[in-house]
Every structure is written in C-alpha cells, then in structure tokens.
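The structure under discussion appears below in the form of structure tokens.
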Ligand code: SF4
Ligand code: SF4
C-alpha cells in the first residue's frame, strides 16, 4: 500500500499535473492559432472591457435571463462550481501535501466545512445526473461525453468523502481518491471539462460582439 | 420526436437532395468545415455542456412544450453535431431534415444568447449549417427564387431597372397631389442622405415609399435615391448561405451610395437588411463596419424627433405595444430610441410584452423563414404561439413593429390566433399624424 501511495502521489501526480497544464496550454495555443487563421473577422471585434462586462454579469447569480428562467439549475451550477474549487484547494490534507512536497503553505478551512462542501458537490452531481435522466430536453441532448464528464468530476469527491469518513477500506480509498483526482486534472484539456479553459473566451467573444457592435446586453 | 417525423415536401429541398450522393456530401461538408470555420465553431461544439438552459429561450420550443427537438441545442444536436460527429458522412435523406431545421425552424434571432452561460451563438451555428446546405444545393424553393433574383437583378423581387425608376416617379406624382413641392430626388450627388429600401416596397408596398418621401419632404431633408442597381438593401442570399452573392450585392449597394458621394445611408424599416449591411455582408466584404455610415429608420426618425423636425398635428391613439425586431434591437440596441419615439408619437401608454427590449421574442418570420414560403407557413405560425400569447396578454389593439419581415410574420400570427390587432410601421404613424400643409 505504501509503495502504491508513494507512486500515485509522486510520479503519477507529476504526470497528471503535467498533462493538465501542458495540455491546456497546448489546446489554448492551437485554438488561438486556428482562430488567427480562420476567425479573423471575430478576433477583430474582441474588446477587453466588453469581455469583462459580459463575464462579470454572467457571474452574478440570477442576473442573466437564462439564470432567472431556470432557478434550480442556477443555484446548483453556482454552488457546484464554488464548492468544486474551494473544497480541494483549501482542504487541510491537500495543503499539507503542498507543504510536504514544496514547502508552500496557505490558509485552510476546517475539515468539517470541507466535508459539507464535498457533500454539496456530490449532491449537485446527482442533481445534474437526475436532470440528464428525467428532464426531457436535457435527456434529448445528453451524450456519452456528458456522462463521462460528470463521472470524472464525481469520482474524486465521492472517494474523498468515503476516505475521510473511513467508511470502506481507508488505504484503498485514499489511493483511489488520489487517482480519481489525477484523472480529473488530466481530463480537463481533452473532455467536456475543457469548458474550464475555453468558456471564458466564448463568453468574452459574445460580450465583445454584443457590447461593441450590437450595443445590447448579452445576459 | 425530431425532424424525421415532421418533414415537409418542398420542391427545392427534394430536388437538391435527389442530386446528392454520400461522397458529394462528405466532400462538401468537410470543405466548408475546414475551409470556412475555425476556432469559433470548434469551441462551440466542444464547450456546449448540453445543459438545456437555452431550452427556455426559443419561441419554437416554448410553442411546442415537451418537444426538445425544437430547443436551440436540440436543433444543433440534429444538425451540426451530426455533421461533425460523422465527419460529413451522412446520407442524402438526412440532409433533407438538416436543411429543413436550419432554414425553417430557426430564425437566427439569437435570443438563446441570453440563456447560454458559456456564450454559444446558436444563430451562427445554424447559419453555418445553411451555408453547407447552400453548397449542397439543398435550399427551399421560395427563398432560393429570391436569391436567384438577387443574382440576376441585384434586387430581391425581379424588379426591372425601368420598373424601379417608374415606381419612384409614380409615387412622386401621387404624393405631389398631397404635398405639391415634394420630390423624390434621383441620383443627387453629395446629398446628405441616400435612402434605401427593400425590393418588396416597389413591388407591393409602394405606400411605404410614398410615406418616406412625405416624411423626408416635411423634415426638409437633403436626400436622394439611386436610379441604378444597388437601391435594394435586402439580402436573402445571406439567409440561404450564398455568401458570395451576399458580398456582391452588398458591394453594389455600398458603392452606389459612394458613387453619389452621399454623407450616409438611411434605410427603411427593415430588420434583416440591417443585419446584412451592419453585421454579415460588410464582414464578408472585409469591412469591419459598413464603409459608409448607415442608420436605420428608427434612429433616423429619432433624430428628426429630437431636432424638432417632426411636427405632429395629432397623436396616434394608444395604448400600443412595441414589437422589438431582433436585428435592430439585439443587433443594434435601438430599443430605447424606439420607445422614446413611440412615446412621442402615441397618446397613451406602451404596454410591454412580457419579453421586451433585448429579451424580445422573435416574430418567427425572421432569418428568412417567412421567405421559405407557403409550404412552411403552418410550422412558422405554430412556432409563434409563444409570441401570440405575449401579445394577447398586453390587451392592446395596436402593435408598433418597425420591420417589414416582422410585419409579415405578425400579420399571420394575429390572424391565426385571432388577436384582432393592427400592426403599424413607425412611418405609418408619423405620416398619419404629422402636420401637412393644406392644399
Ligand atoms: S430561433 Fe432564435 S432562439 Fe431559437 S434557436 Fe434560433 S436563434 Fe436561438
Ligand atoms: S445553454 Fe449553452 S451550453 Fe447549455 S445546452 Fe444550450 S447551447 Fe449548450
């Protein structure tokens, strides 16, 4: 077990972070090259201020028309994304790892709180899954790629929760948890999770068009 | 559920599909995807989270509750997603349905933009699907006919050159009975304003030219119209996906104005033509914005109002509701000017529809859908049920709609849902209410 733990928190972690960071950089760079080659008429309209205007307005819950028309989904989406970022970044055990490997340390949040955040992420994933099963329009759109993305995100939180509460074999769960987290990182550039990399640009373009050319709100 | 269960016979689509083979399709689809699209389409296809938030946006979906195949992402799912996933390897029958969705079940109105958190432009995707269908030669017959007319005559309605000038002189003649000093100045070099119309005006809405001339006359405007091709600012090629022709007719239009060395173009109350000169046609011709300033009638009338150049003899009896045409509201933000103008012209309140200003519901005629003609009229009217409900809830008798296409669509909607409402152009109201000298 120890050797396995060493492996997943050592070389495998380097690999996962490498794929995530280099993969994202590569995808961004190649997308930018493609945009320069093929989307010059769109690039020409990009504007910092209107991009920001759009991004900020969409980050305010219930501000955009779309958020207002689907309140449950809005709450789920916001809460999910916030917890998804906050829980792993500020978890005591994760910060300890940073400290152990790189000697960097920063604020943490108490485990009892992270525990709740984790449950919220799991709950939100179940909510998204429920929509994919039960809501006709979402079911109609759902493809294998969407399920894959959901499972990839759910796995580290579920295993983390099980490990923390020592509900099943603790050692195994920790290893599964680390691996699941690494799969998630590595999957970001190459699955639906790539919206983490690209959505800011699609949003920015829409904001620039609507702000600079159409003189209308895009939210 | 889905397009295969609601295919409608259309000569143009049928004939186009009959000439296709899977090899031709694969070749052309990939030629367009590789040659004409790039990061924009790619990121849209990849980052669409299939979340369904946009379902609430589309009047087609709202008018067909429970049928997800009418939602924005649902339509992309049946069209562009198929072409991308199968890398263009689809059979001719599938193209029929794909074309029917793209041409007749999406108005390119972009309302869904207000619903998509990641900023996906379904209108752009559907436009690109149309581009592919055009290249495949699969276009609805009626709209293709108008597109042919653009190619042959540089106007949408097969109006011959002499018929055009004839019509203008006829309207001038008529109007001089009422306003003796009125002229429709042709080819006046250096005029402040070049007034442009769409071809349906000389063809069957000549009163609009009359009214515009009367308003220009009373406002004392220094204006002109061209006697040469280019007078028509409309553009059905933009909607069929014939972008080469779109570029050509826009160039003729702009150059005819440049030749007359006018200061700017004022265009009539048309929405789609505005999209063509302000958004799509100019970009195809590699002009970031239009090469000569162009303003829509709403903005022009608003200027006349603020400068005190429209003097009213009476106000139009309200209350009224305002229909916001997508292309000048979501496309140019003219909604507040429109309301200021209506408040000036109308005695009584503006009773807003539930979805108003940028968030308006489309008339369901736009994006060339009405131009696909009678075979698709019933679907179109069925798709406007959501709009009809909103109009009905206002309880008023008058809709002010500053767009030709919207008029066509709303007339059908008002009739089909027995709304008993009249539909007015701004020009109708201004002409009716402005001071005119006694003859
Ligand atoms: S009709 Fe309008 S709202 Fe519906 S999909 Fe097309 S662009 Fe979006
Ligand atoms: S709202 Fe945007 S991301 Fe969600 S399904 Fe519609 S187009 Fe896709």
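Protein chains in written order, with the numbering used here: chain A, 666 to 884; chain B, 6 to 444. Ideal placement from N, C-alpha and C gives every residue a C-beta, glycine not left out. From a predicted model like this one, the values you see are computed outputs, not experimental measurements.
With respect to chain A, the C-beta atom of residue 407 of chain B has no partner C-beta closer than 8 Å. Cβ-Cβ separation between residue 44 of chain B and residue 703 of chain A: approximately 7 Å, consistent with a contact (criterion under 8 Å). Comparing C-alpha distances from residue 51 of chain B to each of B:22, B:72, B:309, B:85 shows the shortest one belongs to B:85.
Rounded to the nearest whole angstrom, the C-alpha separation of residue 334 of chain B and residue 363 of chain B is 6 Å. For residue 849 of chain A, the uninterrupted alpha helix (DSSP H) segment begins and ends at 835-852. CA-CA distance, residue 158 of chain B to residue 164 of chain B, rounds to 7 Å.
For the 8 Å CB-CB criterion, residue 76 of chain B and residue 63 of chain B form a contact. Within the chosen limit of 7 Å, ligand 1 reaches the beta carbon of residue 65 of chain B through at least one heavy atom.
With respect to the C-alpha of residue 783 of chain A, the residue from A:878, A:853, A:803, A:755 having the closest C-alpha is A:755. In the three-state scheme derived from DSSP, where H, G and I count as helix and E and B as strand, residue 280 of chain B is classed as helix. When distances are taken from the beta-carbon of residue 717 of chain A to the heavy atoms of ligand 2, even the shortest one reaches 7 Å or more. Residues of the region 111-143 of chain B that bring their beta carbon within less than 7 Å of a beta carbon in chain A comprise 118, 119, 120, 121, 122, 123, 124, 125, 126, in sequence order. Per DSSP, the continuous alpha helix (DSSP H) segment holding residue 308 of chain B begins and ends at 302-311. Non-local beta-carbon contacts of residue 877 of chain A in its own chain, meaning distances under 7 Å to residues more than five positions away in sequence, involve 710, 712, 715 in chain order. If you ignore the 5 residues before and after residue 841 of chain A, its C-beta comes within less than 6 Å of the C-beta of 824, all in its own chain and listed in chain order.
Between the region 312-327 of chain B and the region 276-292 of chain B there are fewer than three inter-stretch CB-CB distances shorter than 8 Å, so the stretches are not counted as touching.
When the five nearest sequence neighbours on each side are left out, the beta carbons in the same chain lying within less than 6 Å of the beta carbon of residue 200 of chain B are those of 228, 230, 271, in order along the chain. A heavy atom of ligand 1 is found nearer than 7 Å to the CB of residue 62 of chain B. Annotation for residue 78 of chain B indicates a beta carbon within 7 Å of some heavy atom of ligand 2. Burial state of residue 727 of chain A is exposed, judged by a 10 Å Cβ sphere holding fewer than 16 other Cβ atoms.
Within chain B, no residue has its beta carbon less than 8 Å from that of residue 786 of chain A; the closest one is some 16 Å off. Taking C-beta separations shorter than 7 Å and ignoring five residues to either side along the sequence, the partners of residue 822 of chain A in its chain run 783, 786, 787, following chain order. For residue 324 of chain B, the closest C-alpha among the options B:347, B:315, B:312 is that of B:347. Within the same chain, 72, 73, 74 come within 8 Å of residue 6 of chain B by CB-CB distance, once the 5 residues on both sides are set aside. In the DSSP assignment, the residues bridged to residue 201 of chain B are B:272. An exposed status is given to residue 771 of chain A, since fewer than 16 other beta-carbon atoms sit within 10 Å of its beta-carbon. DSSP, read as helix, strand or coil, puts residue 394 of chain B in helix. Listed in chain order, the beta strand (DSSP E) runs fully inside the region 342-415 of chain B are 403-405, counting runs of at least 3 residues.
Relative to the Cα of residue 105 of chain B, the nearest Cα in the group B:349, B:135, B:129, B:95 belongs to B:135. For residue 803 of chain A, the uninterrupted alpha helix (DSSP H) run begins and ends at 801-806, by DSSP.
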